[in-house]
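Have a look at the structure below before the remarks.
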Amino acid sequence: MIDGPADLSYFNILAAACLILANGLISLALRLKLEWRLAIASLRTIVQLLAIGYVLAWFFRPQTPWFAVALLMLLMSLIAGIAAVRRVEWRYIGIWLNSIVAVLASSWLVTTVALTVVIPPAVWTNNIAQYAVPLMGMILGNTLTGISLGIDRLGEELAGKRDRVEMLLTLGATRWEAAREAVRQAVRTGMIPIINSMVVVGVVSLPGMMTGQLLSGADPLIAVKYQIVIMFLIAAGTALGTMTAVLLSYLRLFNRRHQFQHEKLSRR
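Residue 250 in the numbering used here is what sits at position 73 of the sequence shown, and the numbering runs on without skipping anything.
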């Protein structure tokens, strides 16, 4: 068993980056016009990960002030809330605030439970950043995907079935009765990716956290236990975030007089 992961030189990273050329060749061959987007995405990957590496090296020091860690996590949450909306085609006034609120509420709640119930405080007392930041990052990454899919599906359902929704309201249905099926479909759509991941984890794919621990020489069973916990935390965060975002969107698009405010909804 090795003591830790082998260090990689910048030459090793460059060698891995050369593999991206295959993607570029595919784009050129099929005329996908994705060469520049792929190049920019690759460059951003390198710059962003190196930057966060230096930031985390500072935060992961023992006795890092808790408020500094909280500020970093807050910044991560705000960026995730904004990123979620950028993927949405069907938008409305207030969507940015709803997304940020949904991200904050779900990710912070799940991370708090993880650090108080699942992982005993005695484990991370001397270095909270080492546990809180990675946990928050993994939860956010999946939650924002669920929120994006959920909000977008809700807009698509309401816009595509506007006549049916308004007919139900005209016949005396409440706003919830008119929008209930659209809300269900939206939440379901947002949760499908994480459910699919849970179905094949360990059989088809080895998640990043588990792979990282194995490469660092950790006991496979310990790595598996951590990954089980992470998958459940991610699933909970995704479900809570998607449901919160979809319900907040529903309240934005239907007023208290049970009217569908379709004029607020527009496609980007």
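Just so it is clear, CB atoms sit at the ideal spot from N, CA and C, and this is done for glycine as well.
Just so we're clear, the structure is a prediction, and the values are computed from it rather than from any experiment.
Find out if the Cβ-Cβ distance for the pair A355, E334 is shorter than 7 angstroms. no
Whole angstroms is fine: what's the gap from M368's alpha carbon to I324's? 9 angstroms
How would you call L430, buried or exposed, if buried means at least 16 neighbouring beta carbons within 10 angstroms? buried
With H, G and I counted as helix, E and B as strand and the rest as coil, what does DSSP make of R361? helix
Taking 7 angstroms as the threshold (C-beta atoms), are T320 and T222 in contact? no
Spatial neighbours of L391 within its chain, please: CB distance less than 7 angstroms, with the 5 preceding and 5 following residues excluded, ordered by chain position. P397, A400
On a Cα-Cα basis, can you pick out the residue from G332, N373, M420, G349 that is closest to L442? G332
In chain order, what are the residue ranges of uninterrupted alpha helix (DSSP H) at least 4 long that sit wholly in the region 254 to 303? 272 to 290, 298 to 301
Contact set for M178: own chain, Cβ-Cβ below 6 angstroms, skip 5 residues either direction: Here the model assigns M178 a pLDDT of 42, short of 50, so the residue's position is not dependable, and the following value carries that caveat. Within the same chain, M178 has close Cβ partners G394.
How would you call S186, buried or exposed, if buried means at least 16 neighbouring beta carbons within 10 angstroms? By the Cβ neighbour-count rule, S186 is exposed, with fewer than 16 other Cβ atoms within 10 Å of its own.
On the three-state DSSP scale, how would you describe I179? Low confidence applies to I179: its pLDDT is 46, below 50, so where it sits in the model is not reliable enough to give any reading.
According to DSSP, is R339 part of a helix, a strand, or is it coil? Correct three-state label for R339: helix.
Assuming F237 and N304 make a contact with CB atoms under 8 angstroms, what is their CB distance in whole Å? 7 angstroms
Separation of A245 from I229, as counted between CA atoms: Rounded to whole angstroms, I229 to A245 spans 15 angstroms at the Cα level.
Could you pull out every residue in the same chain whose Cβ sits closer than 7 angstroms to the Cβ of Q362, ignoring the five residues on either side in sequence? R330, E334
Need the endpoints of the alpha helix (DSSP H) that A402 sits in, please. What sits at residue 402 in the sequence shown is Lys, not Ala. First-last of the alpha helix (DSSP H) with K402: 397 to 430.
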